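Heads up: the sequence lines are chains D and Z, in that order. Going letter by letter, the first sequence gives residues 1230 to 1552 in the working numbering. Going letter by letter, the second sequence gives residues 1203 to 1303 in the working numbering. No residue lacks a Cβ here, since even glycine has one placed at the ideal position from N, Cα and C. Everything numeric in this text was worked out from a predicted model, so none of it was measured.
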Amino acid sequence: MILDVAATNLLSPLILCFVLGLIAGAVKSDLEVPAPIAKGLSLYLMLAIGLKGGWSLAGSGVGWAAAPALLAAAGLSLLLPLPAYAFLRFGLGQDRPTAAAVAAHYGSISIVTFASAQAFLTQQGIGHEGYIVAMVAIMETPAIVTGIYLAQRGTTETNRHRGDLMREVLFNGSVMLLIGGLLIGWLTGGRGEAEVKPFFVDLFKGALCLFLLDIGLTVARRGAALRQLKAGLIAFGLMMPPVAAAAGLGTGLLLGLSLGGVTLLMLLCASASYIAVPAAMRLAVPKADPAIYMTLSLAVTFPFNITLGVPLYFAVARWALGA
Amino acid sequence: MQTFPRKKIELIVESAYLSPMLAMIDATGATGYTVIRDLIGRGRHGERGREALGENSNVLIIVICTPVIADRILEGSQRILGDGFGIVTVSDVQVLRAEHF
């Protein structure tokens, strides 16, 4: 049963596009997704995810019931970097700035991992709470604060770009789009959905395919960096997602989320950022090694989560809920 | 045709550093700047700009200004970059409309 689900996931157009990108990158094809197009695709994906969350909120009329979930999301993003940092710093003896920067990546989330999981659940005919999208937005940036705290704790270094970083945490582009989309979806409801559905819903998976193709290319280009990483770091990139997913499972059960909700929260905890956090870490913790945090998050954790992680977390959530 | 001497500063920095750099340049009293995004290149820190993800690409900031402001920008850029990555060059140029720079 689990194997069936895993096979369906692996043979979806999404994953196969990712694999195509990997192959093209590995054989050094001239295939390239131009940066402005990749940025445009990520804008589209985030706005679409926000809108869909807003429409399902408008339909279900949640309200204050979502408040504990939103607080929990902020808490998870703030706290998940701590065990990651402890393991990297004291288990692997990684230098402080790099350990702190990597930890921040693992507290934040990956929107494409989330979108792939959403597509997987839709395929399985399983819905989820609309406010999960608000949790996505809230989990995006608090980890940056923890990462900076960990990097500067006990040092005399103060931050030279505090103003920019606070703006980055609060008004980061992805946070604006996710929350903005959620509000627009919630305000416009079913009428709004009918108006823009052909663009934001029907085309969503196709756009996600293109984005995954680009990530495949990027991961392949990082192959060289991957070979230079210590085995302990790669083990961290594979072990941290299930550990964080367990925290997501516990929180999801406490919040009383549905099967789809628990699966997505596990995946959010398990995923690592590769857009918002790297940019913030370059500014805030310039001494951290980008080759380590980008490679771990993109070339180790991301492929693990979208191929094996999604069906694994789904199976565990189903077992835990007795569904 | 009469031309006037000015300094041209070119800064190649990671896109993460763009907004602090522009804020610094504005504070020096420079009258303007030009930015080119999404550069591709290779240097001591490896290949850059082939990845669309992760803000790994570099940007080029061009400022044309008087020598006094050029000095302020050079000092400011070192303050922001610290010992991090960045290519900063200054050259002498001639402009046609002195009052613009």
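Just checking: is the beta-carbon of residue i within a distance shorter than 8 angstroms of some beta-carbon in chain Z?
i, result
"D:Arg1325", "no"
"D:Ala1508", "yes"
"D:Leu1512", "yes"
"D:Ala1264", "yes"
Whose C-alpha, out of the options, is nearest the C-alpha of residue i?
i, options, result
"D:Ala1366", "D:Tyr1378, D:Gly1410, D:Leu1512 and D:Ala1380", "D:Gly1410"
"D:Gln1381", "D:Leu1243, D:Leu1232, D:Phe1543 and D:Val1514", "D:Val1514"
"D:Ala1235", "D:Leu1280, D:Gly1304, D:Ser1271 and D:Gln1353", "D:Gln1353"
"Z:Thr1236", "Z:Val1261, Z:Arg1244 and Z:Gly1251", "Z:Val1261"
"D:Glu1397", "D:Lys1434, D:Ile1373 and D:Tyr1335", "D:Ile1373"
"D:Leu1478", "D:Gly1421, D:Ala1302 and D:Ser1271", "D:Ala1302"
"D:Ala1499", "D:Arg1450, D:Trp1415, D:Val1248 and D:Phe1343", "D:Phe1343"
"D:Gly1250", "D:Val1341, D:Ile1361 and D:Ile1444", "D:Ile1444"
"D:Val1256", "D:Val1448, D:Leu1527 and D:Tyr1542", "D:Val1448"
"D:Val1341", "D:Met1469, D:Ser1271 and D:Gly1452", "D:Ser1271"
"D:Ser1241", "D:Val1404, D:Gly1490 and D:Thr1351", "D:Thr1351"
"Z:Ile1242", "Z:Ser1259, Z:Gln1204 and Z:Thr1230", "Z:Ser1259"
"D:Tyr1314", "D:Ala1546, D:Ala1509, D:Pro1507 and D:Phe1465", "D:Phe1465"
"Z:Glu1277", "Z:Arg1246, Z:Ile1211 and Z:Phe1303", "Z:Ile1211"
"D:Trp1415", "D:Ala1460, D:Ala1552, D:Gly1288 and D:Leu1232", "D:Gly1288"
"Z:Asp1285", "Z:Val1265, Z:Phe1206, Z:Val1215 and Z:Gln1296", "Z:Val1215"
"D:Phe1400", "D:Thr1384, D:Gly1418, D:Pro1371 and D:Ile1413", "D:Pro1371"
"D:Ala1549", "D:Asp1233, D:Thr1492 and D:Gln1347", "D:Thr1492"
"D:Leu1467", "D:Pro1519, D:Val1529, D:Leu1488 and D:Ala1474", "D:Val1529"
"D:Phe1349", "D:Arg1420, D:Gly1269, D:Leu1239 and D:Thr1384", "D:Leu1239"
"D:Pro1434", "D:Ala1509, D:Ala1460 and D:Gln1347", "According to the sequence as given, residue 1434 of chain D is Lys; it is not Pro. Comparing Cα positions, the closest option is D:Gln1347."
"D:Met1395", "D:Asp1431, D:Gly1490 and D:Ala1509", "D:Ala1509"
"D:Leu1494", "D:Met1405, D:Gly1304, D:Gly1551 and D:Pro1312", "D:Gly1304"
"D:Ala1329", "D:Gly1551, D:Pro1312 and D:Gly1418", "D:Pro1312"
Taking the straight line between their C-alpha atoms, what separation do you get for residue i and residue j?
i, j, result
"Z:Phe1306", "D:Glu1358", "Absent from the structure is residue 1306 of chain Z, since the part of chain Z shown begins at 1203 and ends at 1303."
"D:Leu1462", "D:Leu1525", "8 angstroms"
"Z:Gly1248", "D:Leu1439", "26 angstroms"
"D:Gly1376", "D:Ile1504", "15 angstroms"
"D:Val1481", "D:Leu1458", "The sequence as given places Gly at residue 1481 of chain D; Val does not occur at that position. D:Gly1481 and D:Leu1458: Cα-Cα distance of roughly 33 angstroms."
"D:Leu1496", "Z:Ile1263", "39 angstroms"
"D:Ala1296", "D:Leu1455", "40 angstroms"
"Z:Asp1273", "Z:Leu1224", "15 angstroms"
"D:Ile1521", "D:Arg1511", "12 angstroms"
"D:Pro1265", "D:Ala1436", "14 angstroms"
"D:Leu1299", "D:Leu1486", "12 angstroms"
"D:Gly1254", "D:Val1472", "31 angstroms"
"D:Ala1476", "D:Gly1452", "30 angstroms"
"D:Arg1559", "D:Ser1285", "For chain D, the structure presents residues 1230 to 1552; residue 1559 of chain D sits outside this window and is missing."
"Z:Leu1298", "Z:Arg1208", "10 angstroms"
"D:Gly1320", "D:Gly1336", "18 angstroms"
"Z:Ile1275", "D:Ala1267", "32 angstroms"
"D:Ala1332", "D:Pro1310", "4 angstroms"
"D:Arg1450", "D:Phe1247", "13 angstroms"
"D:Gly1402", "Z:Met1203", "47 angstroms"
"D:Leu1441", "D:Leu1243", "7 angstroms"
"Z:Gly1251", "Z:Arg1239", "10 angstroms"
"D:Leu1280", "D:Arg1420", "12 angstroms"
"D:Trp1293", "D:Val1362", "15 angstroms"
"D:Gly1283", "Z:Ser1279", "43 angstroms"
"D:Leu1527", "D:Ser1502", "8 angstroms"
Would you say residue i reaches chain D, if we count a Cβ-Cβ gap shorter than 8 angstroms as a contact?
i, result
"Z:Gly1284", "yes"
"Z:Glu1216", "yes"
"Z:Ser1279", "no"
"Z:Asp1240", "yes"
"Z:Tyr1235", "no"
"Z:Ser1293", "no"
Would you check if there are 3 or more beta carbon pairs closer than 8 angstroms linking the segment 1247-1263 of chain D to the segment 1319-1326 of chain D? no
Okay, do the segment 1420-1432 of chain D and the segment 1208-1221 of chain Z touch, 3+ Cβ pairs below 8 angstroms being the bar? no
Any contact of the segment 1526-1535 of chain D with the segment 1224-1238 of chain Z, i.e. 3+ C-beta pairs under 8 angstroms? no
Compile a chain-ordered list of the residues in the segment 1451-1467 of chain D whose CB is closer than 7 angstroms to at least one CB of chain Z. none
Identify each residue in the segment 1513-1524 of chain D for which the Cβ-Cβ distance to at least one residue of chain Z is less than 9 angstroms, and report them in chain order. Pro1515, Lys1516, Pro1519, Ala1520 and Met1523
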